[in-house]
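Student: First the structure, which I've put down as structure tokens, then a few questions once you've had a look.
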Amino acid sequence: MSGFPTLLYKETLRFWKVSVQTVAAPVLTSLLYLVVFAQALENRVAVPGGVSYTAFLAPGLVMMSILQNAFANSSSSLIQSKVTGNMVFVLLTPISHLEVYAAYVLASVVRGLAVGVGVLAVTALFVDLRLASPLWIAGFALIGSAVLGALGLLASIWADRFEQIAAFQNFVILPLTFLSGVFYSIHALPEFWQRASHLNPFFYLVDGFRYGFIGASDFSPIASLAVGGLSFAILSAIALALLKSGYKLRG
Amino acid sequence: MTFAIETQDIEKRYGGLRALDAVSLQIRQGEFFGLLGPNGAGKTTLISIVAGLVRASAGAASVMGADVVADYRKARCMLGVVPQELVFDPFFTVRETLRMQSGYFGLRRNDAWIDEVIHHLDLDAKADANMRTLSGGMKRRVLVAQALVHKPPVIVLDEPTAGVDVELRQGLWRFIRRLNREGHTIVLTTHYLEEAEELCDRIALLKAGRVVALDSTRNLLQTFSGFVLRLRLDRDQLPGGLDTPVLSQDGNLFNLRLRDTAELESVLHRLREGGVGIAEFELQPPDLEEVFLRVMEKH
Numbered sequence: 003m004s005g006f007p008t009l010l011y012k013e014t015l016r017f018w019k020v021s022v023q024t025v026a027a028p029v030l031t032s033l034l035y036l037v038v039f040a041q042a043l044e045n046r047v048a049v050p051g052g053v054s055y056t057a058f059l060a061p062g063l064v065m066m067s068i069l070q071n072a073f074a075n076s077s078s079s080l081i082q083s084k085v086t087g088n089m090v091f092v093l094l095t096p097i098s099h100l101e102v103y104a105a106y107v108l109a110s111v112v113r114g115l116a117v118g119v120g121v122l123a124v125t126a127l128f129v130d131l132r133l134a135s136p137l138w139i140a141g142f143a144l145i146g147s148a149v150l151g152a153l154g155l156l157a158s159i160w161a162d163r164f165e166q167i168a169a170f171q172n173f174v175i176l177p178l179t180f181l182s183g184v185f186y187s188i189h190a191l192p193e194f195w196q197r198a199s200h201l202n203p204f205f206y207l208v209d210g211f212r213y214g215f216i217g218a219s220d221f222s223p224i225a226s227l228a229v230g231g232l233s234f235a236i237l238s239a240i241a242l243a244l245l246k247s248g249y250k251l252r253g
Numbered sequence: 392m393t394f395a396i397e398t399q400d401i402e403k404r405y406g407g408l409r410a411l412d413a414v415s416l417q418i419r420q421g422e423f424f425g426l427l428g429p430n431g432a433g434k435t436t437l438i439s440i441v442a443g444l445v446r447a448s449a450g451a452a453s454v455m456g457a458d459v460v461a462d463y464r465k466a467r468c469m470l471g472v473v474p475q476e477l478v479f480d481p482f483f484t485v486r487e488t489l490r491m492q493s494g495y496f497g498l499r500r501n502d503a504w505i506d507e508v509i510h511h512l513d514l515d516a517k518a519d520a521n522m523r524t525l526s527g528g529m530k531r532r533v534l535v536a537q538a539l540v541h542k543p544p545v546i547v548l549d550e551p552t553a554g555v556d557v558e559l560r561q562g563l564w565r566f567i568r569r570l571n572r573e574g575h576t577i578v579l580t581t582h583y584l585e586e587a588e589e590l591c592d593r594i595a596l597l598k599a600g601r602v603v604a605l606d607s608t609r610n611l612l613q614t615f616s617g618f619v620l621r622l623r624l625d626r627d628q629l630p631g632g633l634d635t636p637v638l639s640q641d642g643n644l645f646n647l648r649l650r651d652t653a654e655l656e657s658v659l660h661r662l663r664e665g666g667v668g669i670a671e672f673e674l675q676p677p678d679l680e681e682v683f684l685r686v687m688e689k690h
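So the sequence lines, in the order shown, correspond to chains A and B.
Position in the first sequence counted from 1, then plus 2, gives you my numbering.
Position in the second sequence counted from 1, then plus 391, gives you my numbering.
Now the structure itself:
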């Protein structure tokens, strides 16, 4: 039998054992964003789809939490194993590079979805959410968490120290998620920033995910899904190649 | 015959540094094999290559006939490695750690064996304790247990008793000896030469990435036989004309190296001639430490 199910179980159990920090805390953070931004910006920001600003903001916050936590899961787990040296327990086993990749990315998806469901459940208490098409919601939640899980894996393969992951999180992931149209419609931006937003792959993930709720988007959801799929394919190919070569894992 | 571990002209370069240079070893099934050498000799690098943790720059290695690169799944199933560093996963208890490790090898219902390993390594009382709360010695036992969880025929222990108290060391060796008697091949690196002398059937000495001696422990002791003559004299100077090498001197206490017992005669004669009085006298048989020092000097 393969060692993959155990590695997936371990990666899932790892964050679940500290779920106050890994699930409850991000749910609370999102709720605070919702309360503060909704209070400050309701009726001041033009949003598509004829919905209230809060109904526009909530799905964005859910997706932002999914993306950030999916990244945090794979990246923190692998960098921790590398720095403390316990990655050796996996490297000594017959588990293949493909299984390592799949276990880390899938555990990230589980964490991303767990946080996403949590944020969604809590925001539903405050916001009257529409569910225009649940399939799009599920599809973008899956692809979004998978993209960020793969990116987290990649970052932690490359990184040698915790602070490099923290820097990646603060200087890449955080700005890209904040500027992905979570808090505003990019159509409200000046021409230049609209174009710049199109270069941000996270924009498509947030925009498509929100389409599933409000039935309106800045960009075609099919095209957005394609961008997500392409990003996932590219990141996965690089991660798999690095894992196969043993880059920074097998000396 | 299939060797438990075989390496052929293994070479490992780190930039310009040659950590291993054409290392060829054949370790037979059922052997208790010692891999000795000073720090930086390449012992851990060699073990890491066999375990698939490090890739060789050239050459090939196999475990029970399975190539460690081309047939890595089979090779790793055949091998249990106790790493030198005290590593652990702080999220889990001892039992969770062992179940996890077992699962990595595709073994699910393995609790009976896990319980047995826990028992033999005296971990019963700590089985449900978190890894973080364990002392260094206990963590070391868990590392041994993790290496045994998939019942590998070949077990490699990299400095398993470094920083471990006497009681655990003895308990550990009893258990490892038992495994060896039951047919497991044991490969050991250690700094404690008396341990290697007592336990190992055969020994390879590594220096600067090369095998400089490889023989049965008994042959090594005989080939490099020599006695240490320990003398306390009535003065802190040896008479002239004594060509026996002096190993060490501490005041009037001398350690001389004799090639054989016949040389004793000439040393005593020379001392008498010089009018030197002997306060204490002791002749020590050769030991592995002596062999080690001689081989290392020679190369």
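Glycine included, each C-beta is placed from N, C-alpha and C at the ideal position.
Taking only beta carbons into account, state which residues of the region 60-92 of chain A come closer than 9 Å to chain B, listed in chain order.
Tutor: Gln82, Ser83, Thr86, Gly87, Asn88, Met89, Val90, Phe91, Val92
Student: Comparing alpha-carbon positions, which option in B/Thr484, B/Gln492, B/His541 lies nearest B/Met529?
Tutor: Of the candidates B/Thr484, B/Gln492, B/His541, B/Thr484 places its Cα closest to the Cα of B/Met529.
Student: Output yes if chain B places a C-beta closer than 7 Å to the C-beta of A/Gly275; else output no.
Tutor: It is not possible to answer for residue 275 of chain A, since the shown part of chain A is limited to 3 through 253.
Student: Please check the pair A/Ser21 and A/Ser67, which I expect to be a contact at CB under 8 Å, by giving their CB distance rounded to whole angstroms.
Tutor: No, A/Ser21 and A/Ser67 are not in contact; Cβ-Cβ is about 14 Å, not under 8 Å.
Student: Determine the extent of the beta strand (DSSP E) in which B/Arg601 is found, giving its start and end residues.
Tutor: 601-607
Student: Taking the alpha-carbon of A/Asp209 as reference, which of A/Ile240, A/Tyr35, A/Ala157, A/Ala228 has the nearest alpha-carbon?
Tutor: A/Ala228
Student: Examine chain B for any beta-carbon lying closer than 7 Å to the beta-carbon of A/Lys19, and answer yes or no.
Tutor: yes
Student: What's the call for A/Tyr206, buried or exposed, on a 16-neighbour Cβ count within 10 Å?
Tutor: buried
Student: Could you spell out the range, first to last residue, of the beta strand (DSSP E) harbouring B/Leu644?
Tutor: 644-649
Student: Please identify, using Cβ separations under 9 Å, the residues of the region 449-463 of chain B that lie next to chain A, in order along the chain.
Tutor: Tyr463
Student: With a cut-off of 7 Å, does the C-beta of B/Asp502 fall near any C-beta of chain A?
Tutor: No, no contact with chain A.
Student: Taking the beta carbon of B/Glu397 as the centre, do at least 16 other beta carbons fall within 10 Å, making it buried, or is it exposed?
Tutor: buried
Student: Return the chain-ordered list of same chain residues with a C-beta closer than 8 Å to the C-beta of A/Gly217, the five sequence neighbours on each side being excluded.
Tutor: Close CB contacts of A/Gly217 within its chain, under the 8 Å cut and outside five residues either way in sequence, are with Gly51, Arg132, Ala134, Ser135 (chain order).
Student: Would you check if the distance between the CB atom of B/Leu411 and the CB atom of B/Ile418 is smaller than 7 Å?
Tutor: no
Student: Using a Cβ cut-off of 7 Å (strictly closer), state whether B/Ala742 contacts chain A.
Tutor: In the structure as shown, chain B starts at 392 and stops at 690, and residue 742 of chain B therefore has no counterpart that could be examined.
Student: On the CB-based measure, 16 or more other CB atoms within 10 Å of its CB, does B/Phe424 come out buried or exposed?
Tutor: buried
Student: Just reading off the alpha helix (DSSP H) that B/Ala538 is part of, what are its end residues?
Tutor: 527-539
Student: Can you tell me which residues form a DSSP beta bridge with B/Ala449?
Tutor: B/Glu402
Student: Pick from B/Arg626, B/Thr488, B/Gly632: whose alpha carbon is nearest that of B/Leu519?
Tutor: First, the residue type needs correcting, since residue 519 of chain B is Asp and not Leu in the sequence shown. The shortest C-alpha separation from B/Asp519 is found at B/Thr488.
Student: Nearest to B/Asp506 by alpha carbon, out of B/Leu498, B/Glu585, B/Arg490, B/Leu611?
Tutor: B/Arg490
Student: So the candidates are A/Asn45, A/Asn71, A/Ser98; which of them puts its Cα closest to the Cα of B/Ala466?
Tutor: Nearest of A/Asn45, A/Asn71, A/Ser98 to B/Ala466, Cα basis: A/Ser98.
Student: Along chain B, which residues have their Cβ under 7 Å away from the Cβ of A/Thr95?
Tutor: Arg467, Tyr495, Phe496
Student: In three-state DSSP terms, what is A/Phe6?
Tutor: Residue state, collapsed to three classes: helix.
Student: Which residues does DSSP pair with B/Asn521 in a beta bridge?
Tutor: Its beta-bridge partners are B/Thr484.
Student: Using a cut-off of 8 Å between C-beta atoms, extract the partners of B/Arg446 located in chain A.
Tutor: Here the neighbours are Gly248, Arg252, Gly253.
Student: With a threshold of 8 Å on Cβ separation, who are the neighbours of A/Ile145 within its own chain once the five nearest residues in sequence on each side are excluded?
Tutor: Within the same chain, Leu207, Leu227, Gly230, Gly231, Phe234 come within 8 Å of A/Ile145 by CB-CB distance, once the 5 residues on both sides are set aside.
Student: For B/Leu427 and B/Val602, which I take to be in contact (beta-carbon distance under 8 Å), what is that distance rounded to the nearest angstrom?
Tutor: B/Leu427 to B/Val602, Cβ: 11 Å. No contact.
Student: Who are B/Ser639's beta bridge partners in DSSP?
Tutor: B/Asn646
Student: Using a Cβ cut-off of 7 Å (strictly closer), state whether B/Glu402 contacts chain A.
Tutor: At least 7 Å separates the CB of B/Glu402 from every CB of chain A.
Student: Of all the CB atoms in chain B, is at least one closer than 7 Å to the CB of A/Arg113?
Tutor: no
Student: May I ask which residues mark the beginning and end of the beta strand (DSSP E) holding B/Leu408?
Tutor: 408-418
Student: Comparing C-alpha positions only, which one of B/Ile594, B/Ala595, B/Gln561, B/Lys542 sits nearest to B/His575?
Tutor: B/Lys542
Student: Closer than 9 Å, Cβ to any Cβ of chain B: which residues of the region 21-53 of chain A, in chain order?
Tutor: none
Student: Below 6 Å CB to CB, which residues in the same chain sit around B/Gly642 once its five sequence neighbours on both sides are set aside?
Tutor: Asp627, listed in sequence order.
Student: Name the chain A residues whose beta carbon is nearer than 7 Å to that of B/Gln537?
Tutor: Phe91
Student: So, at 8 Å on beta carbons, what are the nonlocal neighbours of B/Tyr583 in its own chain, with the 5 sequence-adjacent residues on each side left out?
Tutor: Excluding residues within five positions, the ones whose Cβ falls inside 8 Å are Thr552.
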